[in-house]
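Enquirer: Input: one structure, supplied below.
Numbering (full-length UniProt numbering), first residue to last: 1 to 346.
Right, dumping it as structure tokens:
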């Protein structure tokens, strides 16, 4: 990709995200979402592969429909209340339309079908952006308007997303699709608690971004896009695959790793809200995710190839990427002991 085009796309992405986070007017929020959409499309289609072009078209169509729905929701609300303020969302139809639009933006069930396909058609670095930074603006809108939305509808969407994200990730062989269904499942956890404790949703998103960044950068360094290539990547750099195993187990939510912290706090808060059954169902559904994370760790660190594989030995390794991966992996595995400090910050 042209360096100038990459600079413009990255700057527009940062600008659109900043506009959505800082604005309280529906028109500015819609404009920020549109800037984000137009900025990420060149990054998706930069390889000019037919699959990448297909992914960019799917992404554009879904995001355009979601943005139009947000505009329609805000217009109906302004028509009934006379205000364009995001926090003044009182119309029932507007709330329903906004929930639908945000679910499409985030990739929540039943509007999730585009997300795995778009991630599969993108590069690993673009898939990282689609899984983390692109989710921040719609999640911020959901956070601001959560008090006006229907709690039962959000809880239902969250539980179905958690279930389907774990269930559909079981038989996948492409690492990007597995990470896509992992993202859907984690977004279900975030949506589940957003009404009752919004700060905990932001904590979960921050930790999820940390863990996902570590995994995607590791996969990008080793070039593992399929489970079959993960079986031989351990020979190129054994320490890198060992840290990948720890990060995957952390993302699964196993103690005493960092990923256990958000699930622990969410289940605790749901129990305080007298939603014990919901907490139990979410905890049981997380076992589906645990299965395919263990499958990934098995393929990356334990499975030996059936025969010798010829591969080119790298005579030069990028020290910058390894230092960033080392930092992210350390944070992804060692933050649980300071969980009281993290909880106090949020």
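Idealized CB from N, CA, C, for every residue including glycine. Remember, predicted model here, so these are calculated numbers, not experimental data.
Going by beta carbon distance, what residues of the same chain come within less than 7 Å of residue 285, once the five residues before and after it are set aside?
Expert: 162, 163, 166
Enquirer: With H, G and I counted as helix, E and B as strand and the rest as coil, what does DSSP make of residue 226?
Expert: strand
Enquirer: Within its chain, find whatever has a CB closer than 7 Å to the CB of residue 54; leave out the 5 residues flanking it on each side and keep chain order.
Expert: 121
Enquirer: In the DSSP output, what is residue 25 paired with across the bridge?
Expert: As computed with DSSP, residue 25 is found in a beta bridge with 85.
Enquirer: With distance defined between alpha-carbon atoms, name the residue in 273, 89, 45 nearest to residue 125.
Expert: Closest in alpha carbon position to residue 125, among 273, 89, 45, is 45.
Enquirer: So the candidates are 43, 10, 189, 119; which of them puts its Cα closest to the Cα of residue 269?
Expert: 189
Enquirer: So residue 144 is in the alpha helix (DSSP H); what residue range does that whole segment cover?
Expert: 136-145
Enquirer: How would you label residue 177, buried or exposed, when you count the other beta carbons within 10 angstroms and need 16 or more for buried?
Expert: buried
Enquirer: Could you tell me how far apart the beta carbons of residue 249 and residue 339 are, in whole angstroms, since I believe they sit closer than 8 Å?
Expert: That pair is no contact at about 17 Å.
Enquirer: What's the C-alpha gap between residue 196 and residue 203?
Expert: A direct Cα-to-Cα measurement between residue 196 and residue 203 gives close to 14 Å.
Enquirer: Which ranges does the beta strand (DSSP E) cover as unbroken runs of at least 3 residues, wholly within the region 105-129, from first to last along the chain?
Expert: Listed in chain order, nothing qualifies, since the region 105-129 has no complete beta strand (DSSP E) run of 3 or more residues.
Enquirer: From the DSSP output, read off the bridge partner residues of residue 174.
Expert: Partner(s): 226.
Enquirer: Cβ atoms of residue 200 and residue 144: under 8 Å apart, would you say?
Expert: Contact flag unset, no.
Enquirer: Can you tell me the Cα-Cα spacing of residue 76 and residue 33, whole angstroms?
Expert: 19 Å
Enquirer: Within the present structure, is the beta-carbon of residue 194 separated from the nearest heavy atom of the ligand FMN by less than 7 Å?
Expert: Absence of the ligand FMN from the depicted structure is noted, as is the absence of any ligand whatsoever, leaving it without description.
Enquirer: Kindly give me the distance between the Cβ atoms of residue 212 and residue 179, rounded to whole angstroms, as I take these residues to be in contact under 8 Å.
Expert: 7 Å
Enquirer: Should residue 223 go down as buried or exposed, given a rule of 16 or more other Cβ atoms within 10 Å for buried?
Expert: The residue is exposed, with fewer than 16 neighbouring Cβ atoms inside 10 Å.
Enquirer: Going by beta-carbon coordinates alone, are residue 192 and residue 158 separated by less than 8 Å?
Expert: yes
Enquirer: Per DSSP, what kind of secondary structure is residue 49 in: helix, strand or coil?
Expert: coil
Enquirer: At the level of alpha carbons, what is the spacing between residue 160 and residue 133?
Expert: 23 Å
Enquirer: Buried or exposed for residue 36, please, with buried defined as at least 16 other CB atoms from any protein chain shown within 10 angstroms of its CB.
Expert: buried
Enquirer: Within the region 180-257, note down every full alpha helix (DSSP H) run reaching 4 residues or more, in order along the chain.
Expert: 198-222, 227-233, 238-252
Enquirer: Residue 81 and residue 91 look like a contact to me (Cβ under 8 Å); what is the Cβ gap, rounded to whole Å?
Expert: 7 Å
Enquirer: What did DSSP end up calling residue 63 once you bin it into helix, strand or coil?
Expert: Correct three-state label for residue 63: helix.
Enquirer: Per DSSP, what kind of secondary structure is residue 274 in: helix, strand or coil?
Expert: Three-state result, residue 274: coil.
Enquirer: Grab the span of the alpha helix (DSSP H) containing residue 343 for me, first residue to last.
Expert: 339-345
Enquirer: Can you confirm whether the region 227-243 touches the region 294-301 when touching is taken to mean that 3 or more C-beta pairs between the two stretches lie within less than 8 Å?
Expert: yes
Enquirer: By how many angstroms is the C-alpha of residue 84 removed from the C-alpha of residue 324?
Expert: Between the C-alpha atoms of residue 324 and residue 84 there is a straight-line separation of about 42 Å.
Enquirer: Just to confirm my understanding: we take residue 71, look at its own chain, exclude 5 residues before and 5 after, and list those with CB closer than 6 Å. What are they?
Expert: 30
Enquirer: When the Cα of residue 104 is compared with those of 330, 58, 78, which residue comes out closest?
Expert: 58
Enquirer: If you follow the alpha helix (DSSP H) that residue 165 is part of, which residue opens it and which one closes it?
Expert: 151-168
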